[in-house]
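So the sequence shown is numbered by our numbering: it starts at 7 and just counts up by one.
Report on the following structure.
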Amino acid sequence: MDTNPGPRQTTATAQRLNDAIKRLRARLRTESGQHATGLTPTQLALLASVVREGPVTAARLASLEHVSAQSIAQSLAVLKAAGLVHSEPDPEDGRKKLVSPDPSATELVDRLLSGRDRFLARAIDRVVAPHERADLERAVELLERLAAADLNDDGI
């Protein structure tokens with residue numbers, strides 16, 4: 007008996023996974039207080055990159071976020087106006103600017119991330135039975151593999 011799912015089943019599973027990820031991300035944004043910041047998910051992702059990587063060039067941020075330099079410039083303008091980031095000339099190359107987080111940005115990102123973590127920990131404790139925890143660990147490993155998949159390689 008063939009236990010390999012057909013293309014139709016794989017597509018249905020992909021859609022269910024996509025829908026579940028969207029709902030979970032929306033829930034995490036709500037539970038963490040992200041909506042109250044007035045910043046878009048894109049702006050907050052960029053801010054988290056600045057906090058993690060800073061001081062960093064806009065070109066590096068564009069590469070990290072997989073977006074255009076123009077998109078980075080627009081989001082950085084909003085973050086600068088909010089006082090969350092600042093830029094200064096790169097001491098090694100005065101033609102470039104280095105973007106750094108304000109301490110308030112670091113606090114904001116930490117608060118949002120810890121809010122997400124607290125929600126997920128509570129949800130796991132309430133929804134995932136102890137005997138299902140190993141299944142959850144395996145699911146996380148599979149999600150990590152999917153996120154890291156290089157589909158340009160014929161090895162997959």
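For each residue, glycine too, the CB sits at the ideal point set by N, CA and C.
Beta-carbon proximity check, residue i vs residue j, cutoff 8 angstroms
i, j, result
"residue 52", "residue 67", "yes"
"residue 104", "residue 91", "no"
"residue 39", "residue 121", "yes"
"residue 111", "residue 146", "no"
Nearest-angstrom beta carbon gap, residue j and residue i [assumed within contact, 8 angstroms]
i, j, result
"residue 142", "residue 134", "5 angstroms"
"residue 13", "residue 60", "Going by Cβ atoms, the distance from residue 13 to residue 60 rounds to 44 angstroms, so no, they are not a contact pair."
"residue 23", "residue 49", "At roughly 26 angstroms, the Cβ-Cβ gap does not stay under 8 angstroms, so residue 23 and residue 49 are not in contact."
"residue 65", "residue 75", "7 angstroms"
"residue 47", "residue 35", "7 angstroms"
Contacting residues, own chain, Cβ-Cβ under 8 angstroms from residue i (five flanking each side not counted)
i, result
"residue 63", "96, 102, 103, 104, 105"
"residue 162", "Per-residue confidence for residue 162 stands at a pLDDT of 47, beneath the threshold of 50, marking its modelled position as unreliable; no derived number is given."
"residue 19", "11"
Own chain residues within Cβ distance below 6 angstroms of residue i, not counting five before or after
i, result
"residue 54", "115"
"residue 118", "38, 40"
"residue 25", "none"
"residue 17", "none"
Beta carbon proximity, residue i to chain C, threshold 8 angstroms
i, result
"residue 139", "The structure shown contains no chain C, having only a single protein chain."
In chain order, each alpha helix (DSSP H) run of at least 4 residues that lies wholly inside the segment 68-141: 75-87, 109-133
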